[in-house]
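In the numbering used here, the protein residues as written are 127 to 293. Here a beta-carbon is modelled for each residue, glycine too, at the ideal position from N, C-alpha and C. None of the values given here were measured: they were computed from a predicted structure.
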Amino acid sequence: AGCATSGYNRADKTGAGIAEYRAEILNGQKAINDTVTSLDGIAASANTDPRPAFQKFSKDVARLESVAGSVKKRGESMQQSGKAYFAQWEKQLAEVNNEEIRQLAASRKAKLSAAFEGIQKYAEPLRAQFAPWMSDLKDLKTYLNNDLTIAGVDSAKELFKRTQSQG
127 AGCATSGYNR
137 ADKTGAGIAE
147 YRAEILNGQK
157 AINDTVTSLD
167 GIAASANTDP
177 RPAFQKFSKD
187 VARLESVAGS
197 VKKRGESMQQ
207 SGKAYFAQWE
217 KQLAEVNNEE
227 IRQLAASRKA
237 KLSAAFEGIQ
247 KYAEPLRAQF
257 APWMSDLKDL
267 KTYLNNDLTI
277 AGVDSAKELF
287 KRTQSQG
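Here it is, written out as structure tokens:
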């Protein structure tokens, strides 16, 4: 009974970790959208007063950087927890004597493991794309901080467009 309890508790914990990771990802998507929108605000207000829009953009970039750190940390935690969970499941499968039950459990484990790996395969390319994009945002913020003029904003419009499309 103790093994079964610890098994489904681990499953619950792993499932909760995946749900929390999903929530972090959604929070990250919102932060990306907010940052791209505030970048639009700078371009739209360049001929009047871009300072308030720039201040919002600066805050959004900082928030996005914080959220990205949380997503990364949650993803790493989820990955470690998942590996431990599946390793323990494999170990417990070896203790099952009934062939039908062992096959059923092995089949279920394979499906869940594939789904878990799918999350990782999807997230990895996004991580690789995000780092240079975030770097570009910070560079753009530095540039605008030093030249928040009509001409400065106008000369960066191609960078705005590229950064927005990549976001």
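- Item | Where D138 falls: helix, strand or coil (DSSP) | In the sequence shown, the residue the question calls residue 138 occupies position 12. Note: D138 maps to helix in three-state DSSP.
- Quick one: using the 10 Å Cβ neighbour count with 16 as the cut-off for buried, is D265 buried or exposed? Residue numbering aside, residue 265 sits at position 139 when the sequence shown is read from its first letter. Flag for D265 reads exposed.
- Item | Candidates R234, Y248 and V162, of which the one nearest Y147 by Cα | Along the sequence shown, read from residue 1 onward, the residue named residue 147 stands at position 21. Of the candidates R234, Y248 and V162, the one whose C-alpha sits nearest the C-alpha of Y147 is Y248.
- Same chain, Cβ closer than 8 Å to W259, five either side skipped, listed in chain order: Within the sequence shown, residue 259 is the residue found at index 133, counting from 1. T289, Q292 and G293, listed in sequence order.
- Excluding the 5 residues preceding and the 5 following S184 in the sequence, name in chain order all residues of the same chain whose CB lies nearer than 8 Å to its CB. Position 58 of the sequence shown, counted from the first residue, corresponds to residue 184. Cβ within range, chain order: K267 and N271.
- Does the Cβ-Cβ distance between D280 and A172 come in under 9 Å? Here residue 280 refers to the residue found at position 154 of the sequence shown. Here residue 172 refers to the residue found at position 46 of the sequence shown. Their beta carbons are under 9 Å apart, which means D280 touches A172 by this criterion.
- Message: Please classify S261 as buried or exposed, where buried requires at least 16 other C-beta atoms within 10 Å of its C-beta.
- Response: On the sequence shown, residue 261 is found 135 positions in, with the first residue counted as 1. Per the 10 Å Cβ criterion, exposed.
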